[in-house]
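**Q**
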Amino acid sequence: MTRDELMQLIPHAGAMCLLDRAERWTPEYIRCWSRTHHDAGHPLRRQGKVHAVHAVEYGAQAAALHGALLQDSDGESPSGALLVAVRKVRLYQAYLDAVDGDLLVEAWREQGDGSGMSYRFSVSGGDTVVAEGRLLVAGGRDEE
Numbered sequence: 670m671t672r673d674e675l676m677q678l679i680p681h682a683g684a685m686c687l688l689d690r691a692e693r694w695t696p697e698y699i700r701c702w703s704r705t706h707h708d709a710g711h712p713l714r715r716q717g718k719v720h721a722v723h724a725v726e727y728g729a730q731a732a733a734l735h736g737a738l739l740q741d742s743d744g745e746s747p748s749g750a751l752l753v754a755v756r757k758v759r760l761y762q763a764y765l766d767a768v769d770g771d772l773l774v775e776a777w778r779e780q781g782d783g784s785g786m787s788y789r790f791s792v793s794g795g796d797t798v799v800a801e802g803r804l805l806v807a808g809g810r811d812e813e
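Numbering (this note's numbering), first residue to last: 670 to 813.
(1) Skipping 5 residues on each side, what residues in its chain have a beta carbon closer than 7 Å to that of residue 690?
(2) Is residue 674 helix, strand or coil when you go by DSSP?
(3) Jot down the residue ranges of each uninterrupted beta strand (DSSP E) in the stretch 745 to 777, minimum 3 residues, whole runs only, in chain order.
(4) Given that a residue counts as buried once 16 or more other Cβ atoms are within 10 Å of its Cβ, and exposed if not, what is residue 753?
(5) Tell me the residue span of the beta strand (DSSP E) that contains residue 690.
(6) For residue 707, which of helix, strand or coil comes out of DSSP?
(7) Since residue 721 contacts residue 688 with CB under 8 Å, what's their CB separation in whole angstroms?
(8) Terminal residues of the continuous beta strand (DSSP E) containing residue 792?
(9) Figure out for me which residue from 682, 699, 704 and 697 has the closest Cα to the Cα of residue 765.
(10) Count the CB pairs spanning the stretch 732 to 740 and the stretch 709 to 716 that are closer than 8 Å, and state whether there are at least three.
(11) Can you name the start and end residues of the beta strand (DSSP E) that residue 717 belongs to?
(12) Between the Cα of residue 699 and the Cα atoms of 708, 728, 711 and 686, which residue gives the shortest distance?
(13) If you follow the beta strand (DSSP E) that residue 807 is part of, which residue opens it and which one closes it?
(14) Under 7 Å Cβ to Cβ from residue 805, same chain only, skipping five residues before and after it: list those, please.
Below, the structure is given as structure tokens:
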């Protein structure tokens, strides 16, 4: 799935869409790639650097895309969801732009229903994990 296609499914637009493509997804998992951490105009770049804490946003966008793909596969229109909690975040590197190649952004759905989902995410560069953590997303499916 290309950047243009995934931007139709998540609320992030323009430069704030941090994912470049989604390569694979199942009902429990999504694998995305990004090279936006090298963009001079990165919207989260400060003093010339993209801090690794922003890996949370990459993970959240992968989770949002996964939720939208699940709704789409169920024949539902994607509806808004909110990131309500971020937990157990570990940063193993200070800056995302220190990663030479593309970022691999993965998210695993741990549990969820119509009212929310929890995800585990990981952001890696090559064989090195840059950041990982857990996300709690509320909403995402229209209530009957």
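Here a beta-carbon is modelled for each residue, glycine too, at the ideal position from N, C-alpha and C.
**A** With the structure as the only source:
(1) As a working note, residue 690 is residue 21 in the sequence shown. The residues are 670, 671, 672, 701 and 702.
(2) Here residue 674 corresponds to residue number 5 of the sequence shown, with the count starting at 1. Helix, per DSSP.
(3) 750 to 760
(4) Position 84 of the sequence shown, counted from the start, is the residue given in the question as residue 753. Residue 753 should be labelled exposed.
(5) The residue given as residue 690 occupies position 21 in the sequence shown. Counting along the chain, the beta strand (DSSP E) containing residue 690 begins and ends at 690 to 695.
(6) The residue labelled residue 707 in the question sits at position 38 within the sequence shown. In the structure shown, residue 707 sits in a helix (DSSP, three-state: H, G or I).
(7) Counted from its first residue, the sequence shown places residue 721 at position 52. Counted from its first residue, the sequence shown places residue 688 at position 19. Actually they are not in contact, since the Cβ atoms of residue 721 and residue 688 sit about 17 Å apart, beyond 8 Å.
(8) Residue 792 sits at position 123 when you count from the first residue of the sequence shown. Element bounds for residue 792: 785 to 794.
(9) Mapped onto the sequence shown, residue 765 falls at position 96. Taking only the C-alpha atoms, the option nearest residue 765 is 704.
(10) no
(11) Reading the sequence shown from its first residue, position 48 is the one you call residue 717. Where residue 717 is concerned, there is no enclosing beta strand (DSSP E), given that its DSSP letter is neither H nor E.
(12) Here residue 699 is taken as the residue at index 30 of the sequence shown, counted from 1. Residue 728 is the option with its Cα nearest to residue 699.
(13) Along the sequence shown, one-based indexing puts residue 807 at 138. From DSSP, the beta strand (DSSP E) with residue 807 extends over 797 to 808.
(14) Residue mapping note: residue 805 aligns to position 136 of the sequence shown, counting from 1. Hits under 7 Å: 753, 754, 785 and 787.
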